[in-house]
Amino acid sequence: MSTEPNPEPNPAMAPDGDPEVYYLNMGPQHPSMHGVLRLVLKMRGEEILEAEPVIGYAHRAHEKMAENRNYLMFLPNTSRVDYLSGMIYNIAYCQAIEKIMDIEVPERAEYIRIIACELNRISSHLLWFGTFLLDLGGITPFLYCFDDREEILDILDSVTGSRLTYSYGRFGGVTMDVDSAFVARTRAFLARMRDERLPKYRRLVGDNVIFRERCEGVGVITRDVAFRYGVTGPCLRSTGVAYDVRRAEPYSIYDRFEFKIPTRVEGDTMARFDLRIEEMEESCKIVEQAVDGLPEGPIMPAKPKKRYRPPAGEYYFAVESARGHFGTYIISDGTDVPVKLKLRTPSFSNLSSMPDVLRNTMVADTIAIVGSIDVVMPEIDR
Amino acid sequence: MRYVRRVLGGLISLFVGLSITLRELFKKPVTLQYPHEKPSLSPAYRSAIKLIRFDETNSHDCVACLACQKICPSFCIDIEGGKVEGIKKKRATKFTMDFALCSLCGLCIDVCPTVTLEYSKLYDEAGYNRDWNMDLLEEFTDYEEQFITEQREREEKAAAEKKAKAAAAKAKAGKNEKAGKNEKAGKNEKAGKNEKADKVGGQAEEGEA
Amino acid sequence: MSNLPTAPETLADYVSGNLWLFFAIATAAIMGYLTLNALFLIWLERKISAHIQRRLGPMEVGWHGVLQTVADMLKLLSKQLVTPRAIDKPLYHLAPVVVFAPVIASVAMFPFAEDLVILDIELSLAYVFVFGGIGIIGIFMAGWGSNNKYALLGAMRSVAQNISYEIPLILSALSVVLLVSGLEPVIINDNDQLRPASGISLIDIAIVQDAKGWWFVLVQPVAALIYFIAAVAETNRAPFDIPEAESELVAGFHTEYSGMRFAMFFFAEYTNMIIVSMVATVLFFGGWSGPLLPGPVWFFGKTYLLIGGMMWFRWTFPRLRFDQLMSFCWTVLIPLSIVNLLVTALVLELL
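If you read the sequences in order, they're chains F, V and A.
Read the first sequence against the working numbering and you will find it ends at 389, with the numbers running on by one and no gaps.
Read the second sequence against the working numbering and you will find it ends at 1559, with the numbers running on by one and no gaps.
Read the third sequence against the working numbering and you will find it ends at 1034, with the numbers running on by one and no gaps.
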C-alpha cells in the first residue's frame, strides 16, 4: 500500500501537516472498485477529506487502433469499449457510419436493433443493481439479478451467437435475423421482469430500511456539479434534468415509441437507484412496443458496400448508453481509415465529478457512491 | 412518534425482505451443475471459424482470395495458395487461424465470396500453452489429391458441356456465356447453404474430433 | 463431580474422579465438537446461502458437498503462511490465539442437558460474557499488528462495535437474570443442598424455565429480540459485519492473515455464533427443556435453529454503515433495553 499521494500535483491532496491525516489507496485491486479504478483517499479516521480517482489501468488503445484499420475492422472493438452495454456501443458505431454515409437501414433491422439495445440496457442496469448491492454488502440480490441477466444474455445469444461482445451490428443492418422463438422468449422475459422481478427488487431492496439508510442523502450530485463535469445518464437525471439522447436528439427510430424519461430531484444515491429501476421498466415498454411492431423484411441493405469511405470532414453522433451520453467523433479524410476516432464515454465524465461528491463522506459511503454512479473502467480508459 | 414509526416501519421492511428470501430458499435452483450438465449451445453460437465441406466436392471451396485475411481486425488468419496444376480453380494450400487472437466478430464469414467459412461449435476449449494456431485445412489434406482429380474431371465435364452449349448457342446465336456462369455460381452457393443447415446437427462430434 | 469417590468402579467414575483427566478429555471433546461444528456450520451457511440465491452450493466433495469444508480446511492447513515484513510480530502472531482461546473456554460452561455440563460454575453467565469480551482484544491485536490500514480500520470498527453492542447484549440478558431472581424462587437440589435458583448461572436459568414449563421468550420478547440483534453484531456477522466488510475494507482485521491463521479467525467466528446462540437458547428458549425428545436434542435443535436465523439474516440484508451501526445501538437498542429492564423490574416489584 502506497503512503504517497498520487505523483500528479493536486494541491487538495497534499499533506497539510495534520498528523491524523493519512492516505488510503483504494484499488486498483480492491473487491469493490469496479474494474481497475484506483481511488486515492486523503482521510482522517473514517472520514474522507479529499478523493482522487486515478484511471488508466485498463487502457487498451481502442482509439489508436481505429486509426490503423478501416471502418469495418473497428467493429469488434466497439463492443469491448463498454462490455456491459456492448450492443448499444456496437450499434451506435454502425449508426454513426450510416448517418455519415447515408446508408439506408431496413425497417426490420431498425426494430431488431432497438430490441437488442434496450435488452442490453436492461441487462446492464441489472448488473449494476447486483454489484451495487454487493458493494453495500447484500449478496443475495446480486444472484437474483444474474438470473434475470442470464435470461437476457440467452435471448441475445440466440440471435447473435455471443453473450457479451456481440459484434451484431453491420453498416446498414444486423448480422442475423430474429425468429418467432426469439419474440416469444422476449415477451415471456418482459412479463416476468415486470410482474415478478422488478416489484420483488423494490420490496427486497428498495424498501429495505438498511438500504434506504445507506442511500438516502448520500453522495448528492448537485445540478451545478453535474453541469460542470458533463455528468450524463441516470446520474444527471437524478438531479432533475430530463436529458436523454433518445428524446433530446432522437436517433434510429426512438421517436416512434412511447416512453418516459424518469427524473428525480434529490440527486442522491437512492434517486439513482430508483431511476435505474424505473428505466428498466421504461426499457421493457420500448422492447414491448418494438416487438409488437416488428415488421417483415430484409435485415441488411440489398447491396452492402464493400468499402466504406466517408467523405472528408468531422462528424459526431451521440446515443444514450446505459450510463449516459455516448458519442462517436470521427474525422475522415475520405479514405477508408479514420484520421481520428474519438469516443466520448459517459463514465469518464461521471467519474470526474467524484472528488466533489466524495468530499466529507465516510469510507462506506465512498463504496456506495462510486457503485451508484455505475462506472465501467474499460469504458473510461478505452 | 416519528421515531417510533421509523423504527417500526424499518422493522416491517426487514421482515418483508426476510419473507422474500425464505420463499426463495424453497424454490428450485436455477443453476446448472456445469461440468456434469452442459447448457445447450445456441444455434447461432460463434466459435472459431472452420471451412465448410461441401457434399458434391467432398471438400472446401477456399480459393485463397485472401478477403478474410485482409478484413480480419485481429490479423489472425494466414492463407497461402494459388494455382494448382491441372485445375482451373485456385486452391488454398495453407489456412491457419490463431484462435487466441480471434475476436469472433464474423467479418471473415461476411466477406467470403465462396461462402466456405462458417463458425464451428468448439466449446470450452482449454490448453496448456498459448499456441492456438489452428490448421483449418488439416481435415481436408487426405482428400486433396482425390479432390484435384475429381475437380479436373468436373472441370473437363463442365468445359465439354460449355463447349456443347457454346456450339448450341452458336447455332442459336443468342445466349452468352456469362448467364451460364452465373447460374452455376448460384447453384454452388445454394448447395453450400443446404450443406450448412445439414451440418448443424453433426457439429458436436466434429468439434470433439 | 466435586465429591471424589474412594474407589472407582466404572470408567466413568474413574474419569470423573480424576479431575485432570476429566478436564483433558472434556477439552478434547470440546475442541473436537467445535471443529466439527465449525466445519458443519460453514457447509450449512454455504448451502443456505446457495439455496436462498437459487443455487445448489457445494456439490462435489461427499454427499451434497458435506466434506467440502473438510477439503477446504486441509487446503488451509497446507497453505504457506505469508507473514508480511512490517508487522508487529508478537501482536500479529498472538492475535489468532487470543481470538480463538476464549471461545473454547466459554463452551465448557453450557448445560447441554440437566446433567450434562462440563464446568458447573455459579457465575457461568457472567463468565460467558467475559470470555466473549476477550476476543475483541485479539481482533484489535490483529488489526494493529498487521500494519495495514484496512486491517486497522477494521479493528477500530470492531472494537467500537463490540463494546457498544455488549451493553444491550448484557442489559437484555440482565432482564432474564432479574426474572429468575424476582419470580417465585425455584428451589434447586444441588448435591443434596437446597438453594434458590441463581439468575447468573446458565444451568439455573434453564432449570427455572424447565420447572415453570414456559420459556422466558414469552415474557421477554423484546429482550430476546434485542439480544438476538446484539448477538449478531457481537459475532461481526452481516448486516453488522463492518469490521471485515469485504466490499469496503477488503477483509478488515484479518486482511494480512493467510492459511491456518486465517482459519483460526474463521473458526472463531463460527464458534462465536454457536456460543451466542447457546446463550440465547438458555436465556430465552428454555435450554434443554422440551417434550418427548432428550435434552441435548432440544438444546442443539434450538441452537442450530437460531444459527439458521442468523444465516438467514446475513443473506437477506445489506450492510449498515459504521456510524449508523453505532447510532442504532445507542439510540435504539440501548434505550429500548434499559426501558425493558426497568419495566421488568417494575412488574416484578408489583407482582
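Even for Gly, the Cβ is constructed at its ideal location relative to N, Cα and C.
- Sixteen is the threshold: when 16 or more other Cβ atoms of the shown chains lie within 10 Å of the Cβ of K49/F, as they do, the residue is buried.
- Setting aside the 5 residues that flank it on each side, S379/F is surrounded in the same chain by F139, G226, T276, R279, F280, each with a C-beta closer than 7 Å to its C-beta; the list follows chain order.
- With a contact defined as Cβ atoms closer than 8 Å, S92/F and S131/F qualify at about 4 Å.
- Assigned with DSSP and collapsed to three states, V1380/V falls in coil, not helix or strand.
- Of all residues in the stretch 933 to 956 of chain A, only V933, A934 place a beta-carbon less than 9 Å from a beta-carbon of chain F.
- In this structure, the beta-carbon distance from W898/A to F967/A falls below 8 Å.
- Scanning R1373/V, S1453/V, E1489/V, A1516/V for the CA closest to the CA of C1422/V turns up S1453/V.
- According to the DSSP secondary-structure assignment, R45/F is paired through a beta bridge with V61/F.
- According to the DSSP secondary-structure assignment, Y322/F is paired through a beta bridge with I337/F.
- For L1358/V, the nearest beta carbon of chain A is not closer than 8 Å to its own beta carbon.
- The C-alpha of L1016/A lies about 27 Å from the C-alpha of G826/A.
- When DSSP states are grouped into helix, strand and coil, I122/F belongs to the helix group.
- R192/F is positioned such that its CB atom lies closer than 8 Å to that of I162/F.
- Using beta-carbon distances, S92/F does not count as an interface residue toward chain A, since no partner is under 8 Å.
- The alpha-carbon of M714/A is positioned some 40 Å away from that of R221/F.
- Residue pairing by DSSP places I1427/V opposite M1447/V in a beta bridge.
- Looking at F153/F, M183/F, I104/F, the one whose alpha-carbon comes closest to that of L82/F is I104/F.
- Shown here, Y90/F sits in a helix according to DSSP, grouped into three states.
- Within the stretch 179 to 199 of chain F, the residues whose Cβ lies closer than 8 Å to some Cβ of chain V are T182, M183, listed in chain order.
- The straight-line gap separating the alpha-carbon atoms of L79/F and T85/F is approximately 11 Å.
- Rounded to whole angstroms, the gap between the alpha carbons of E327/F and L205/F is 22 Å.
- Annotation: C1415/V has no Cβ neighbours in chain F at a cutoff of 9 Å; minimum Cβ distance is about 13 Å.
- For V1357/V, the three-state secondary structure derived from DSSP is helix.
- Residue state for V382/F is assigned as coil, using DSSP reduced to three classes.
- Short of 8 Å from the beta carbon of L764/A, and not among the five residues preceding or following it, lie these beta carbons of its own chain, in chain order: S941, G942, M943, R944.
- In chain F, no part has a C-beta under 8 Å from the C-beta of K985/A; the shortest such distance is about 25 Å.
- Annotation for K1515/V: the continuous alpha helix (DSSP H) segment containing it runs 1491 to 1522.
- The beta carbon of M824/A sits no closer than 8 Å to any beta carbon of chain V.
- In the DSSP assignment, K347/F falls outside any alpha helix (DSSP H) and lies within the beta strand (DSSP E) extending over 347 to 351.
- In the DSSP assignment, I1399/V falls within the unbroken beta strand (DSSP E) covering 1399 to 1401.
- Shown here, G180/F sits in a strand according to DSSP, grouped into three states.
- Taking a Cβ-Cβ cut-off of 9 Å, W898/A has no neighbours in chain F, whose nearest Cβ is about 29 Å from it.
- From the listed residues R316/F, R210/F, L44/F, T373/F, the smallest Cα separation to V346/F is found for R316/F.
- With at least 16 other beta carbons inside 10 angstroms of its own, I1370/V counts as buried.
- DSSP places G226/F in the coil class of the three-state scheme, outside both helix and strand.
- For N1483/V, the uninterrupted beta strand (DSSP E) run begins and ends at 1483 to 1485, by DSSP.
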